[in-house]
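Input: a single structure, listed below in structure tokens.
Number of protein chains: 2
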Amino acid sequence: MNAPVSTGSTREQIVAHAQTLIRQRGYNGFSYRDLAEHVGVKTASIHYYFPQKDDLLIEALNDYSSRTMQLINGIDESLPAAARLDRYAQMLAGGPRDQVCMCGMLAADFASVSDRVRAALQAFFRVHETWLTKVLTDGARDGSLKPCVDPQAEARTLFASFQGALLASRLFQTPERIFDVVAGIESRQAATAAR
Amino acid sequence: MNAPVSTGSTREQIVAHAQTLIRQRGYNGFSYRDLAEHVGVKTASIHYYFPQKDDLLIEALNDYSSRTMQLINGIDESLPAAARLDRYAQMLAGGPRDQVCMCGMLAADFASVSDRVRAALQAFFRVHETWLTKVLTDGARDGSLKPCVDPQAEARTLFASFQGALLASRLFQTPERIFDVVAGIESRQAATAAR
DNA sequence: GTCTATAAACGGATAGAC
DNA sequence: GTCTATCCGTTTATAGAC
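Protein sequences, first through last, are from chains A and B. When the first sequence is numbered by this note's numbering, its final residue is 197 and no position is left out of the sequence of numbers. When the second sequence is numbered by this note's numbering, its final residue is 197 and no position is left out of the sequence of numbers.
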């Protein structure tokens, strides 16, 4: 996923650059000073909009979540499930190579974030896992994916695979590892596949 | 995986507590002061052993890697592959609930670590992926796991699943998600399974 | 080897001018 | 709204006594 254009209001630019920095370096890996330099303002201006760093984190996370949700809701539900899964992987692989999912990053920063942020992260995970559950059950019906015993558990694992694959993709500097995930799923597709 | 007992030499205690702190909070989430308090020395003593934080990171990572490798080498190769996979998952789930894999954590901290650390992380990933590749191919032979088209790619995905599942397990405060991963694999086992 | 003391830069955060 | 100036604790790191 790509960062929004940074040509909006100061507030919007702050949020956009905060998302980028968190996805690159994590919550403890950037400062108001870093962020201010990226936006082209002074740190006091950031404190004007977001008195505490946690306030900034909450807004950056909520914005990221809703933009991500728009993207997955934009995936045409009339497509075969396997094709929707491909789109999802393309979405993940399409982001900058030096950035991972903001929520995967913040899950790693679990010890450093507030309970409010933790709850928002859980919500993000659940939304994606629910969407993937539907893909898996639809795939069993339309024949594009092999039926599985427990679609919810499979979806949890699948989402974990994507998050892990994003970290590995950056570590090895290749988007291949994201597509390994879908290739694995699809290599198990029913013989009577309808693509 | 559990941290080593912290009753060794000062140097050993520093390394052990550094591993714990990194697994809890990440590389940018702890300071020499935190570490010194845990060990019961002053920060200058830590600088005596590890002048730069990167020196400490390298040693903590190498120690973690070799201890982890001992653990996976300790999994009896005469066991059916599926049983070995169970052991692997138990090893991951057996660690403290507030800690994830040190290398998953540092993969998230990718932007903050030196090239030397990045290379060591890649090596860690490859070792585990290679071990899992062997489990998958053995599983196809002994019938305890379903054969797959590309065992190497499947192993990469499987390792990513475990890393992602560790993050999710901590986020949701339940080890269940680690066992989801093996349950998914084993639910695809061949009908003629030999366990 | 471990300590005290200190340097110098950085961290989040605030007050008040414009 | 954005700035300058500043507070004050923290951070990594070093010098030198014991």
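In this text, a Cβ means the ideal position worked out from N, Cα and C, and glycines have one as well. Just so we're clear, the structure is a prediction, and the values are computed from it rather than from any experiment.
Inter-residue spacing [alpha-carbon to alpha-carbon] between A:Pro53 and A:Ile16: Here residue 53 of chain A corresponds to residue number 51 of the first sequence, with the count starting at 1. Here residue 16 of chain A corresponds to residue number 14 of the first sequence, with the count starting at 1. Rounded to whole angstroms, the gap between the alpha carbons of A:Pro53 and A:Ile16 is 13 Å.
Below-9 Å beta-carbon distance, A:His135 vs any chain B residue: In the first sequence, the residue the question calls residue 135 of chain A occupies position 133. Here residue 135 of chain A is Thr; the residue named in the question, His, does not match the sequence. Not closer than 9 Å to any Cβ of chain B, the Cβ of A:Thr135 fails to qualify, so no.
Top-ranked residue by Cα proximity to B:Ser116, from B:Gln26, B:Tyr50, B:Leu173 and B:Ile60: As a first step, residue 116 of chain B must be located in the second sequence, where it is residue number 114. Residue B:Ile60 is the option with its Cα nearest to B:Ser116.
Below-9 Å beta-carbon distance, A:Met104 vs any chain B residue: Working through the first sequence from its first residue, we reach residue 104 of chain A at position 102. False, the Cβ-Cβ gap to chain B never drops below 9 Å.
First through last residue of the alpha helix (DSSP H) which encompasses B:Ser47: Within the second sequence, the letter at position 45 stands for residue 47 of chain B. First-last of the alpha helix (DSSP H) with B:Ser47: Thr45 to Tyr51.
Contiguous beta strand (DSSP E) assignments of at least 3 residues, all confined to the region 97-149 of chain B: none
Three-state secondary structure (DSSP) of B:Arg69: Numbered from 1 along the second sequence, position 67 holds the residue referred to as residue 69 of chain B. In this structure, B:Arg69 counts as helix in the three-state DSSP scheme.
Sequence-distant residues of the same chain with beta carbon closer than 6 Å to A:Leu147, five excluded per side: On the first sequence, residue 147 of chain A is found 145 positions in, with the first residue counted as 1. Result list for A:Leu147: Ala83, Ala84, Gly141 and Gln191, in chain order.
Closest residue to A:Gln31 among B:Asp111, B:Thr9 and B:Lys136 (Cα-Cα distance): Within the first sequence, numbered from 1, the residue matching residue 31 of chain A stands at position 29. For the record, residue 31 of chain A in the displayed sequence is Gly; it is not Gln. For the residues B:Asp111, B:Thr9 and B:Lys136, the minimum Cα distance to A:Gly31 belongs to B:Asp111.
Closest residue to A:Ile106 among A:Ala62, A:Phe164, A:His40 and A:Ser68 (Cα-Cα distance): Taking the first residue of the first sequence as position 1, residue 106 of chain A is located at position 104. Before going on, a small fix: residue 106 of chain A reads as Gly here, not Ile. If we check each option's Cα against that of A:Gly106, A:Phe164 comes out closest.
A:Thr22 to A:Pro98 span [Cα, whole Å]: The residue you call residue 22 of chain A lines up with position 20 of the first sequence. The residue you call residue 98 of chain A lines up with position 96 of the first sequence. Taking the straight line joining both Cα atoms gives about 9 Å.
Contacts of B:Gln165 in chain A (Cβ-Cβ under 7 Å): One-based indexing of the second sequence puts residue 165 of chain B at position 163. Proximity of chain A to B:Gln165 at the Cβ level (cut-off 7 Å) is accounted for by Gly166 and Leu169, in chain order.
B:Lys55 classed as buried or exposed, judged by whether at least 16 other C-beta atoms fall within 10 angstroms: Residue 55 of chain B sits at position 53 when you count from the first residue of the second sequence. With 16 or more Cβ atoms within 10 Å of its Cβ, B:Lys55 is classed as buried.
Close-in-space but distant-in-sequence residues of the same chain around B:Thr45 (CB under 7 Å, 5 per side omitted): Your numbering for residue 45 of chain B matches position 43 in the second sequence. Closer than 7 Å at the Cβ level, and outside the excluded window around B:Thr45, lie Tyr34, Arg35 and Ala38.
Whether B:Val137 touches B:Leu87 by CB criterion (9 Å): To locate residue 137 of chain B, count along the second sequence from 1; it is residue 135. To locate residue 87 of chain B, count along the second sequence from 1; it is residue 85. Yes, these two residues count as a Cβ contact at 9 Å.
Straight-line Cα distance separating A:Asp182 from B:Val102: Position 100 of the second sequence, counted from the start, is the residue given in the question as residue 102 of chain B. Position 180 of the first sequence, counted from the start, is the residue given in the question as residue 182 of chain A. Their backbone Cα atoms lie some 23 Å apart in a straight line.
Short CB-CB distance (under 9 Å) between A:Arg143 and chain B: Here residue 143 of chain A refers to the residue found at position 141 when the first sequence is read from its first residue. So, not an interface residue.
7 Å Cβ shell around A:Tyr51 - same chain, five flanking residues per side excluded: Locating residue 51 of chain A in the first sequence gives position 49, counting from the first residue. Closer than 7 Å at Cβ, skipping near neighbours: Arg13 and Ile16.
Where B:Met107 meets chain A, residues with beta-carbon distance less than 7 Å: On the second sequence, residue 107 of chain B is found 105 positions in, with the first residue counted as 1. Chain A residues near B:Met107: Ala110.
Expected contact under 8 Å - CB spacing of B:Val119 and B:Leu63 to nearest Å: Within the second sequence, residue 119 of chain B is the residue found at index 117, counting from 1. Within the second sequence, residue 63 of chain B is the residue found at index 61, counting from 1. About 6 Å; that satisfies the 8 Å criterion.
A:Pro6 at chain B interface by Cβ criterion, 9 Å: On the first sequence, position 4 is the one that residue 6 of chain A refers to. Low confidence applies here, because A:Pro6 scores a pLDDT of 49, under 50, leaving its location unreliable; read the following figure in that light. No, because no Cβ of chain B sits closer than 9 Å to the Cβ of A:Pro6.
Cα-Cα separation, B:Ile2 to B:Ile187: Residue 2 of chain B lies beyond the residue range present for chain B, which begins at 3 and ends at 197; the question has no answer from this structure.
Residue from B:Leu173, B:Ser189 and B:Met71 with nearest C-alpha to A:Gln124: The count along the first sequence starts at 1 and reaches residue 124 of chain A at position 122. When only C-alpha atoms are compared, the closest one is B:Leu173.
Listed by chain order, chain A residues near B:Asn30 by CB distance under 7 Å: The residue given as residue 30 of chain B occupies position 28 in the second sequence. Those within 7 Å of B:Asn30 in chain A are Gly28, Asn30 and Gly31.
Cβ-Cβ distance between A:Ala157 and A:Thr176 below 9 Å: What you label residue 157 of chain A is simply residue 155 of the first sequence in a count that begins at 1. What you label residue 176 of chain A is simply residue 174 of the first sequence in a count that begins at 1. Not in contact: A:Ala157 and A:Thr176 (Cβ atoms no closer than 9 Å).
Coil, strand or helix - B:Ser189 by DSSP: In the second sequence, the residue the question calls residue 189 of chain B occupies position 187. Correct three-state label for B:Ser189: coil.
DSSP-derived helix/strand/coil call for B:Asp88: As a first step, residue 88 of chain B is located in the second sequence; it is residue number 86 there, counting from the start. DSSP places B:Asp88 in helix when its eight states are reduced to three.
Selection from A:Ser47, A:Tyr66 and A:Tyr29 that minimises the alpha carbon distance to A:Phe126: For the purposes of this step, residue 126 of chain A is taken as the residue at position 124 of the first sequence. When each option's Cα is compared against that of A:Phe126, the closest is A:Tyr66.
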